[in-house]
Every structure is written in structure tokens, then in C-alpha cells.
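Chains as they are written, first to last, in my numbering: chain Y, 181 to 529; chain W, 640 to 999.
I have placed the structure first, in the form of C-alpha cells, so that the comments after it can refer back to it.
Laid out in C-alpha cells, this is it:
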């Protein structure tokens with residue numbers, strides 16, 4: 181519209197259009213004489229030429245990456261500093277820790293903190309308890325997860341989508357809603373001392389406490405979801421081929437699908453094991469009667485929290501390291517599986 | 640194990656063979672088998688998730704519920720009123736209230752003699768309204784936005800670099816594989832009045848963060864820093880993997896349009912990440928409403944109270960304290976139900992707000 185009106189005005193007043201002007205200029209002798217081979221491109225904007233612009237961009241890029249690396253370095257120092265402090269504090273004496281001058285490396289390296297920890301903090305018992313609870317609940321979870329994920333990924337049945345969405349919905353419910361009733365349920369187990377005040381049958385009170393730390397955690401909706409996604413990626417042709425070979429669903433599941441989904445299963449195994457190692461709230465509730473049944477985290481917090489007078493930070497940190505190092509070792513060896521398993525949640529699909 | 644289960648399956652297979660032949664449709668044929676595969680999950684969920692869900696709601700409305708006996712005095716709203724301290728004094732408390740009582744403004748207790756002539760003290764339950772609810776809200780509204788912004792910044796920086804990317808990525812993930820209690824104890828050492836932070840920033844050893852003498856605000860700052868530190872790795876991981884999946888075309892288009900770095904970030908990166916941001920927001924909102932272990936890790940075990948421990952009460956802390964005594968468990972159930980409702984409301988709001996802003 182605008183162009184049309186300009187055209188109209190140009191015609192009306194007999195003005196030359198831009199194209200005509202350009203053609204006239206190019207036709208002039210002056211213009212013909214210009215040596216085009218020695219010309220350089222000049223970008224008028226910002227009064228800089230191309231070389232200057234390229235240089236500025238390069239400088240900007242370098243400054244940008246210095247800022248980026250500086251920021252990342254700064255943040256990683258913040259992230260790693262607590263670990264460093266944990267290590268050196270565990271080697272310090274209490275007087276040095278509580279002294280007026282903080283040292284970034286222990287003046288005298290004190291290994292005795294670790295010996296004190298092993299003498300006062302029943303680390304071996306706690307780790308044993310944690311491993312029993314962790315391994316059994318992890319294996320149970322793997323079995324239920326494989327079965328359920330197979331049903332959701334491969335089989336057809338009425339209400340499949342409904343049940344799957346109900347399962348996903350349970351992830352939104354805070355666990356505290358369940359804890360109260362689960363505690364009552366567990367306490368009503370016949371061999372639980374709490375119910376009758378006496379222990380009978382072949383199961384002991386201790387067994388029931390351990391069972392209560394294991395059985396409720398045999399289901400994880402999140403892992404079912406994770407494995408289902410993985411199972412769904414396995415091509416249909418494999419399933420049909422197995423059917424032609426006369427394999428049942430059951431055989432197909434264990435001989436084809438499970439080996440193919442092994443990386444995800446390893447991720448689940450490690451994450452679940454780490455979850456047991458870190459679990460605090462529920463074990464704290466059910467092992468209230470006997471400290472020797474506690475898991476490692478519970479033992480950790482209750483062991484050195486209230487010592488008379490000054491807190492014994494050196495010993496506390498030594499115990500903290502004993503709890504943290506196995507996790508870090510697991511992370512170092514299974515980094516790929518852990519990060520893949522955790523990261524899967526955010527990817528849609 | 641597999642063998643045994645296989646035999647069980649064969650046994651059931653034999654039982655249902657006739658039906659299997661009759662129905663030709665593949666979906667129909669798998670019907671009973673699928674339920675067999677799902678049985679362990681459904682049974683466990685029924686016992687430990689669905690039944691507790693209903694039962695907790697019921698308990699929340701029971702008067703004087705005692706879980707050792709399982710007895711109660713019928714329906715009531717008192718538990719909720721008790722949690723919210725609007726009213727709901729028990730009969731003994733009311734008796735004391737009427738008879739000669741003295742009120743101690745410091746400990747907020749009524750001391751007196753009840754109708755049976757027994758001296759007793761009544762604590763009014765102000766824990767939730769005074770501490771737990773404001774603390775939980777504050778933690779949520781500080782740590783969630785702060786950690787999302789920091790995580791976004793870090794992951795955009797991580798995404799833009801080539802050298803050392805893997806190393807940085809691993810470093811930023813380390814806090815994820817730590818124990819919340821253990822690292823909380825480390826932070827307690829860092830925030831100690833004679834600790835490294837006061838030393839570096841020259842605050843002196845009478846500046847308290849987490850000790851008993853610490854003011855509430857200092858404790859809250861320390862707690863929020865710890866929570867953000869601990870919640871970063873998961874967010875960075877999710878954001879970074881989403882960033883790596885963004886199509887390069889969008890950035891090329893932005894470059895052609897001469898969009899600056901910030902403009903590109905706001906108009907390309909953030910919209911492309913919006914599903915992940917929504918996901919992270921919802922999960923971290925839920926997570927920070929349930930904050931508990933970080934408080935225990937930083938401030939001490941739940942059995943010690945007094946000092947700043949009570950100041951640092953959160954809703955879930957209150958719930959776990961309630962479970963420990965048989966006569967307060969109904970109050971805990973009421974608080975859990977309220978927490979559930981709060982979480983549901985916030986999640987619904989976020990979904991509603993995000994409807995127009997999230998690009999799938």
C-alpha cells in the first residue's frame with residue numbers, strides 16, 4: 181500500500197525512482213573508474229568495519245567464556261566445599277575445630293577420630309542392618325516392577341489406562357498421608373510386641389521390625405513408569421518372533437525383555453539401594469524400641485547430637501564420612517546408570 | 640524363583656485354558672494374565688497406599704482416637720481445630736480453664752488443678768499456626784524459585800561450554816548422591832558460631848546460625864541455603880538434558896533475527912524448557928512442603944526440642960511428632976490431610992497458570 185502510494189507520488193511529480201537514480205550513478209564515468217577489486221566491506225552500523233567487528237566478537241566471546249567458567253568454578257567450589265570441610269574436620273581435634281582461628285588444613289592430622297567412631301558408634305551393625313533391608317527391598321521392588329511394567333507395556337486388558345493413571349496419581353500424594361496408618365498396620369502385626377506385649381511364634385519382634393522396613397517399599401510407581409517406557413521401546417517384531425518360536429509371555433519377559441532392559445534395571449537397583457541407605461523417617465519410627473536395629477542414617481544422627489557440653493564435631497564428621505563414602509563410591513562406579521536413571525524423569529514421553 | 644512362578648503360571652494356565660481358546664481377540668486373551676502380572680503391585684498398593692489413604696482421612700475425624708486400642712469417641716472436627724488452634728480444647732483442658740489457673744506468658748501454658756484435684760500443665764497447641772505453617776510456606780517460596788533460577792543459570796552455562804563440561808556436570812551432581820542427614824550435619828559444622836563461615840565473613844563467635852541461642856531468621860537462612868544446595872543437582876540434571884534436546888534451528892533463527900543473549904534465553908530457551916520447568920516446579924513444591932530430614936540434619940534429632948528446634952518446626956515435623964504418642968495421632972492425621980489439601984491446591988494452581996505458558 182505504502183509502496184503503491186509512493187509510486188503514485190513519484191509519477192505525479194515526475195520524480196526519479198531509487199532504481200533509476202542508482203542506474204544513472206552506475207552509468208557515470210566516475211563510477212566506472214572505481215577499482216572494485218581493491219574494495220573492502222564497510223559496515224556503517226556502529227562505525228566499525230568487518231575486521232573490527234570480528235575482533236570485538238572474539239573479545240566478547242572470550243570475556244563471555246571467562247565469565248561462564250568463572251561462574252561455574254565458583255559454584256562448584258560452593259558445591260564441593262562441604263565435602264572438603266567434612267574431610268578435614270574429621271581429622272582435627274576438638275580444640276582446633278572450636279579454636280578462634282579456622283585452619284584450612286589440620287595442624288595435626290588426627291586419625292583417632294575414626295577409631296573413636298568405631299568404638300562408640302556401632303557402624304558395622306548399622307551397615308549390616310541397612311544392607312539386609314536395602315538388598316531385600318530392592319530385589320522385591322525389581323520383581324514387582326518387572327512384572328507390572330511388562331503388563332503395562334506389552335499386555336492388553338480392560339482398564340489398563342485407568343489403572344496406570346491411578347498409579348501415577350499416587351505419586352502426587354504425600355507419603356505422610358500413608359505413614360500414620362502404615363505405622364498402625366505394622367504395629368498390629370501379631371508378632372509385633374506393641375500389639376500384645378509378648379513375642380510368640382517363629383517370627384520375633386526383630387523380624388517384624390525388619391519386615392516393616394522392607395515390605396511396604398516393595399512397590400515403586402516411578403520405577404514401574406521408568407521400566408514401562410523402556411519395555412515399550414523394544415520392537416514388536418521381537419515379541420512376534422518369540423511367539424512364532426512358541427515362547428510364552430513369561431519366557432519372553434525373562435529371556436528377551438529383561439536382558440534388553442538391563443541398563444534400566446541396574447539404574448533402578450542402585451537408586452533403590454541408595455534410597456535404603458538414606459532412608460531416615462520410617463526406620464526411625466519403627467526401630468524406636470531398640471537402637472541396635474537402626475539403619476545407618478538413624479544411628480548417625482542420634483549418636484553424637486547431644487554430647488555433654490561442646491559438640492564433638494571431629495568424631496561426628498568422621499562418622500559422616502563413613503556414611504557418605506559408600507554412596508560416593510557407588511556414584512563413581514555407576515555414574516552413568518545413576519545419572520541416566522535420575523534424568524529419565526524429566527524427558528517427556 | 641522364576642521356576643516357581645513359572646509353575647504357578649502354568650497351573651493357572653491349565654485352569655483357564657478353555658477360556659483362552661474361546662476368545663480369539665488377543666487383548667481379551669491376555670486379560671487374566673495381565674492381572675496376574677499386576678497382582679503383587681496391586682496387593683501391596685492396596686495395603687500400603689490405598690487403605691492408608693482412606694484410613695488416615697477417617698482417623699482425622701475421630702475423637703480421642705487411640706491406636707493401641709483402636710477405640711474412639713465418634714466423629715469430630717476437633718482434630719483440625721486443634722491443629723489450627725482455633726478451639727478444640729479437650730475436656731480436661733476446659734476444666735482447668737474454668738477452675739483456678741495461672742497463665743504463663745513465656746511458656747504459653749496454663750498451670751492449675753483439674754477437676755480430680757490433680758495439678759497439671761496444659762500446653763496450647765500453637766506449633767502449627769505459629770511455627771510449622773509459616774516456616775513451611777517460607778521455605779517453599781524461598782527455596783523453590785531460588786533453586787530453579789540458580790539451576791537454570793548453571794545449566795545454561797554448562798550447556799554453552801565445550802571443555803570440561805563432563806567434569807562440571809559430574810561435580811554438580813555429587814550432592815544428589817549424599818545423605819540428607821549426613822550433609823546436614825556437615826552444614827551444622829559450617830554454620831557453627833565458631834565455624835568457618837563466621838570466620839571467613841568475620842562475624843565473630845557470638846553470631847549464631849543454628850545453635851540454641853540463634854534467632855529464628857538466622858536459622859531460616861541457614862536452612863534455606865542448605866535446602867537449595869541439596870536440591871540443585873536434580874534440577875541441573877533435568878534442565879541440562881532438556882537443553883541438549885532443543886533443536887539448534889531455534890538458536891539459528893534467533894541469530895538471524897539479531898537477538899541478544901538475554902533475549903534468546905527468554906524467548907527461546909525458557910519456552911523450550913517450559914515443560915521441564917513446570918515438572919521441576921511441581922515436584923519441588925511438593926518436596927519443600929514435606930521438608931523434614933533437612934531440618935533434622937541441620938538442627939538435631941527430633942527427640943530434642945526447645946531452643947531453636949521448635950522454631951524450625953515444619954508441617955511434616957509436626958506430623959511425625961504427633962505419630963509418636965498414641966493420643967495425638969488423630970491430630971497428626973488431620974495435619975497430614977491439611978498438608979495433602981494444600982499440596983493439591985498448589986499443584987492445581989500451577990497447572991492452571993501453566994496452561995498458556997507451557998509449550999509441549
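Cβ atoms here follow ideal geometry from the backbone N, Cα and C, with glycine treated the same way.
From a predicted model like this one, the values you see are computed outputs, not experimental measurements.
Can you tell me which of the three DSSP states residue i falls into?
i, result
"residue 714 of chain W", "strand"
"residue 233 of chain Y", "helix"
"residue 837 of chain W", "helix"
"residue 897 of chain W", "coil"
"residue 352 of chain Y", "coil"
"residue 219 of chain Y", "coil"
"residue 205 of chain Y", "helix"
"residue 339 of chain Y", "coil"
"residue 819 of chain W", "helix"
"residue 788 of chain W", "helix"
"residue 930 of chain W", "coil"
"residue 920 of chain W", "helix"
"residue 769 of chain W", "helix"
"residue 676 of chain W", "helix"
"residue 428 of chain Y", "coil"
"residue 212 of chain Y", "helix"
At the level of alpha carbons, what is the spacing between residue i and residue j?
i, j, result
"residue 928 of chain W", "residue 247 of chain Y", "35 Å"
"residue 198 of chain Y", "residue 799 of chain W", "45 Å"
"residue 468 of chain Y", "residue 495 of chain Y", "24 Å"
"residue 878 of chain W", "residue 322 of chain Y", "28 Å"
"residue 499 of chain Y", "residue 311 of chain Y", "17 Å"
"residue 255 of chain Y", "residue 493 of chain Y", "26 Å"
"residue 747 of chain W", "residue 768 of chain W", "With a pLDDT of only 47 at residue 747 of chain W, under the threshold of 50, the placement of this residue in the model should not be trusted; the figure read from the coordinates follows. Cα to Cα, the separation comes out at about 14 Å."
"residue 977 of chain W", "residue 772 of chain W", "11 Å"
"residue 690 of chain W", "residue 278 of chain Y", "51 Å"
"residue 673 of chain W", "residue 679 of chain W", "11 Å"
"residue 393 of chain Y", "residue 387 of chain Y", "10 Å"
"residue 273 of chain Y", "residue 448 of chain Y", "40 Å"
"residue 249 of chain Y", "residue 922 of chain W", "30 Å"
"residue 987 of chain W", "residue 814 of chain W", "30 Å"
"residue 899 of chain W", "residue 334 of chain Y", "48 Å"
"residue 363 of chain Y", "residue 685 of chain W", "15 Å"
"residue 745 of chain W", "residue 258 of chain Y", "Unreliable positioning characterises residue 745 of chain W in this predicted model, as indicated by a pLDDT of 49, which lies under 50. A coordinate reading is not provided."
"residue 915 of chain W", "residue 784 of chain W", "14 Å"
"residue 339 of chain Y", "residue 349 of chain Y", "15 Å"
"residue 265 of chain Y", "residue 327 of chain Y", "45 Å"
"residue 993 of chain W", "residue 471 of chain Y", "48 Å"
"residue 858 of chain W", "residue 849 of chain W", "5 Å"
Could you tell me which residues DSSP pairs with residue i in its beta bridges?
i, result
"residue 705 of chain W", "W:710"
Could you tell me if residue i is buried or exposed, where buried requires 16 or more neighbouring beta carbons within 10 angstroms of its beta carbon?
i, result
"residue 275 of chain Y", "exposed"
"residue 433 of chain Y", "buried"
"residue 206 of chain Y", "exposed"
"residue 262 of chain Y", "buried"
"residue 477 of chain Y", "buried"
"residue 415 of chain Y", "exposed"
"residue 215 of chain Y", "exposed"
"residue 454 of chain Y", "buried"
"residue 708 of chain W", "exposed"
"residue 966 of chain W", "exposed"
"residue 288 of chain Y", "exposed"
"residue 352 of chain Y", "exposed"
"residue 665 of chain W", "The predicted position of residue 665 of chain W is uncertain, since its pLDDT is 47 and thus under 50; a value taken from the coordinates is nonetheless stated next. It is exposed - the Cβ of residue 665 of chain W has fewer than 16 other Cβ atoms within 10 Å."
"residue 442 of chain Y", "exposed"
So which residues on chain A does residue i lean against when the C-beta distance must stay under 7 Å?
i, result
"residue 458 of chain Y", "Absent here is chain A; the protein component of the structure consists of chains Y and W."
Can residue i be considered in contact with the ligand FMN, in the sense that its beta carbon sits closer than 8 Å to one or more heavy atoms?
i, result
"residue 288 of chain Y", "Ligands displayed in this structure: none; no statement on the ligand FMN is therefore possible."
Inset, instruction - Quick one: which residues of the stretch 463 to 479 of chain Y get their C-beta closer than 7 Å to a C-beta of chain W? List them in chain order. - result: Taking 7 Å as the cut-off between beta carbons, the residues of the stretch 463 to 479 of chain Y near chain W are 465, 477, in sequence order.
Inset, instruction - Please list the residues of the stretch 407 to 427 of chain Y that have a C-beta atom closer than 7 Å to any C-beta atom in chain W, keeping them in chain order. - result: Answer in chain order: no residues at all.
Inset, instruction - Closer than 8 Å, Cβ to Cβ, to anything on chain Y: give me those residues from the stretch 844 to 866 of chain W, in chain order. - result: When CB distances to chain Y are screened at a threshold of 8 Å, the residues of the stretch 844 to 866 of chain W falling below it are 844, in chain order.
Legend entry - Interface positions of the stretch 920 to 938 of chain W facing chain Y (Cβ-Cβ less than 8 Å), listed along the chain: Taking 8 Å as the upper bound on Cβ-Cβ separation, chain Y lies near residues 925, 928, 929, 931, 932, 935, 936 of the stretch 920 to 938 of chain W.
Inset, instruction - Output, in sequence order along the chain, the residues in the stretch 334 to 365 of chain Y whose CB is closer than 8 Å to any CB in chain W. - result: So the close ones are 335, 336, 337, 338, 340, 343, 347, 350, 352, 353, 354, 355, 356, 357, 358, 359, 360, 361, 362, 363, 364, 365.
Inset, instruction - Below 9 Å between beta carbons is the criterion; list the residues of the stretch 816 to 828 of chain W that meet it against any residue of chain Y, in chain order. - result: Residues are counted here when their Cβ sits less than 9 Å from a Cβ of chain Y; for the stretch 816 to 828 of chain W these are 816, 817, 818, 819, 820, 821, 822, 823, 824, 825, 826, 827, 828, given in chain order.
Inset, instruction - Closer than 9 Å, Cβ to Cβ, to anything on chain W: give me those residues from the stretch 263 to 292 of chain Y, in chain order. - result: Per Cβ criterion, the list reads 263, 265, 266, 269, 277, 278, 279, 280, 281, 282, 284.
Legend entry - Cβ-based contacts, 9 Å cut-off: residues of the stretch 232 to 264 of chain Y near chain W: Here the close residues are 244, 245, 247, 248, 249, 251, 252, 253, 255, 256, 258, 259, 260, 261, 262, 263.
Legend entry - Near-chain W residues of the stretch 495 to 524 of chain Y - C-beta to any C-beta below 8 Å: The residues in question are 496, 497, 500, 503, 504, 507, 508, 510, 511, 515, 518, 519, 522, 523.
Inset, instruction - Please list the residues of the stretch 426 to 453 of chain Y that have a C-beta atom closer than 7 Å to any C-beta atom in chain W, keeping them in chain order. - result: Answer set for the stretch 426 to 453 of chain Y: 429, 430, 434.
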